[in-house]
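Comments concern the structure below.
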Amino acid sequence: MIRFSRLLIRRSHTVPPAMPSLAPLLRQLALGRGRGFLLLQTCRAPAIQCRTIAGAAAGAADADKRLKTFKDLPGPPLLYNIYLVFLRAYLLYAHELQSIFKKKYGPLWKTTVGKYHIVHVADVDFIEKVLRQEGKYPLRTDMELWKIHRTMRDLANGPFTEEGHKWFRLRSVLNKRLLRPQEAVLYTASVNEVVTDFLVRLEEMRKESPSGIMVYDLPNALYRFALEGISYILFEARIGCLKTQIPAETLKFIDSVSNMMKYNILVEILPNWTKKVLPFFNSYLEHWDKIFSFGKNLVDKKMQLIQDRLDHGQEVKGEYLTFLLSGGELTVKEIYASVAELLMAGVDTTSNTLCWALYHLAKNPEIQDELYKEVTEVAPGETIPTGDDFPKMPLLKAVIKEILRMYPVVPVNSRFVMENDLTLGDYYFPKETLFALAHYCVAREEANFPEPEKFNPYRWFREERVKNNPFSSIPFGYGVRACVGRRIAELEMHLALSRIMQKYEVKPDPRGGKVGSMARMVLAPNKPINLQFLNRKPLPP
């Protein structure tokens, strides 16, 4: 899964009719099952005493009258933004607002919330320029509520809440055993074990349907697969998400994740004074407490196991958690916080991307057949693919890349440019300017990707690829603060999708309509996706 207003819209390029109330939207938030959330966030970055950008820029720009400043930028008035969110039902559709505002205001526009000023950037060359100025310690502005919980509970910060040199030290340790492709491949056996159990659960879900082939609410099933997979890697323990009868403690944990995200949204969209008079903030804190408690219990069990082995003179073997605990580079409190935050970030990419991939493959049977041929040529019969096989599966990798282009996990990202002043086009911005980067808009522009609304994985093949700026699609981020779990997520998605293709032909729900995307920090389907899973028959030669 930024502290600026992410203003939300419907799936339309015109303003839709007014909704009678906000209640239906809040009900949708409550049904999120933890698959991500989009915060209506106002920019509050306590690490920086934000000066007025317009004022700071004016003096510097005086020397060059050709450059404009923040005050010259166009942008929607604050009251109009509030009107869109609360009266026009845009609360869950922020990503599409990027294209609408770009068409209205151009590649740069502004919003102001209180004393904070945000520059929205919807041009790929400008986005590249901003990101290349991020410095050694890029500053996040989107995790303030998470930080409040850590402070109030006297907990350490993790990789998404820490800043500055402390963040750099923490991230340097966490990168080991995760970030390099050759290291991610070491988790192949663990991930394949979880994929095997997921295929069993998928078969059970088919048999439970009246037709014997339909899988209902695929996003929920894939969410539990992804949660089981990342938990197995982080905690070196299975937590039972794929069992028919999920353990009670795991169910409580799943509910806590869902509720924490739901209350996070409610607390963010309400004024600060409501924290003391409404129950949402305390509920938010309590569910974070349960998440930490669940993770702490698993970490403590692993510590005890390591200690027992050492006491008996036995060799200590293990994977990621064992590495963190035995390395001595992080405190136990830092490990508690890090695995909790990595867990929160490690589910949505895998589950939502796989769901969208299956949805589009079902609608494009020719591409699905080509993918089946590719997978079975590399891993014929009942051969289980491994991480070493995927360099020989270019279409599989292209399908995932295309889905991530169409549905970037985080549709908008933010950066403070801390060290240098910056010029974008004919606008000058001083250092300490907050930029909001419109990734969703840029990835769906004709100039960057011909026929951008079309699912076309072949566009990523070298012979088909249109020469464009690589910053037009960066779903895992850029630079030192790029996604630490990228290689693990790719491994999970490649293994799961290839093995599903080996076993099933996927077809659309005959009664299903078009599924759109909604934003709750990450892009997710706006309604359950139901698909038919037919036993795969070999294709004719």
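Read in order, the letters of the sequence shown correspond to residues 722 to 1262 in this note's numbering.
All C-beta atoms in this analysis are idealised placements derived from N, C-alpha and C, irrespective of residue type, glycine included.
Inter-residue spacing [alpha-carbon to alpha-carbon] between residue i and residue j
| i | j | result |
| --- | --- | --- |
| E1140 | G885 | 13 Å |
| L746 | L812 | The predicted position of L746 is uncertain, since its pLDDT is 47 and thus under 50; a value taken from the coordinates is nonetheless stated next. If I take the Cα positions, the gap works out to 7 Å. |
| V1187 | G961 | 44 Å |
| S1072 | D793 | 42 Å |
| A784 | T832 | Note that A784 scores 49 on pLDDT, short of 50, meaning its location in the model is unreliable; the coordinates nonetheless yield the value given after this. Cα-Cα distance, rounded: 26 Å. |
| A1203 | P931 | 44 Å |
| Y1021 | T1052 | Reading off the sequence, residue 1021 comes out as Asp, not Tyr. The straight-line gap from Cα to Cα measures roughly 13 Å. |
| Q854 | N1256 | 51 Å |
| R1207 | P1246 | 21 Å |
| G1048 | V1099 | 38 Å |
| A1119 | E1211 | 12 Å |
| T1041 | V906 | The sequence given here places Tyr at residue 1041; Thr does not occur at that position. Each residue's Cα considered, the two are about 13 Å apart. |
| E1166 | G827 | 13 Å |
| A1217 | N913 | 8 Å |
| N1190 | Y1128 | 18 Å |
| A1061 | E883 | 13 Å |
| E929 | V1236 | 23 Å |
| F1001 | Y984 | 6 Å |
| G753 | S979 | In this prediction, G753 scores a pLDDT of 46, lower than 50, which makes its location untrustworthy; no coordinate-derived value is stated. |
| I967 | Y1225 | 25 Å |
| G1102 | P902 | 27 Å |
| L923 | V1227 | 12 Å |
| D1010 | H870 | 9 Å |
| G1108 | I951 | 16 Å |
Buried versus exposed call for residue i [16 or more other C-beta atoms within 10 Å across all chains shown]
| i | result |
| --- | --- |
| L860 | buried |
| R874 | exposed |
| T872 | exposed |
| T1070 | buried |
| A910 | exposed |
| W994 | exposed |
| T971 | buried |
| K1258 | exposed |
| Q1025 | exposed |
| P795 | exposed |
Beta-bridge pairing of residue i - partner residues as DSSP gives them
| i | result |
| --- | --- |
| L1143 | F1150 |
| L1255 | E1226 |
| W1009 | In DSSP, W1009 forms no bridge with anything. |
| I839 | T832, L1155 |
| R1136 | F1156 |
| K789 | Y1148 |
Beta carbon of residue i nearer than 8 Å to that of residue j
| i | j | result |
| --- | --- | --- |
| V988 | V1131 | no |
| F1254 | R927 | yes |
| Y1149 | L829 | no |
| H1215 | I1124 | no |
| L1075 | L1092 | no |
| Y1179 | E1172 | no |
| G1157 | V1133 | A small correction: the amino acid at residue 1157 is Ala; Gly does not occupy that position in the sequence shown. Yes, the Cβ-Cβ distance between A1157 and V1133 is below 8 Å. |
| V921 | F946 | no |
| R1136 | L852 | yes |
| L895 | S1059 | yes |
| M935 | N1251 | yes |
| K857 | F807 | no |
| A1240 | Y801 | no |
| L955 | L1064 | yes |
| M1222 | V1068 | no |
| E957 | K1023 | yes |
| P880 | V1138 | no |
| Y1057 | F1013 | yes |
| H841 | A1159 | yes |
| F1015 | F1044 | no |
| F1170 | R1126 | yes |
| H1033 | F1176 | no |
heavy atom of the ligand PLP below 7 Å from residue i C-beta
| i | result |
| --- | --- |
| E849 | Judged by which ligands are present, the structure shown has none, so any question about the ligand PLP falls away. |
Q: Starting from the N-terminal side, write out each stretch of the alpha helix (DSSP H) that is 4 residues or longer and does not extend beyond the stretch 1156–1184.
A: Entirely contained in the stretch 1156–1184, the alpha helix (DSSP H) runs reaching 4 residues are, in chain order, 1160–1164.
Q: Taking only runs that begin and end inside the stretch 908–970, name each unbroken alpha helix (DSSP H) of 4 or more residues, in chain order.
A: 909–929, 939–956
**Q.** Every unbroken alpha helix (DSSP H) within the stretch 1192–1251, with a cutoff of 4 residues, ordered by chain
**A.** 1207–1224
Q.
Going residue by residue through the stretch 1058–1133, where are the continuous alpha helix (DSSP H) segments of at least 4 residues, counting only ones entirely within it?
A. 1069–1084, 1086–1099, 1115–1127
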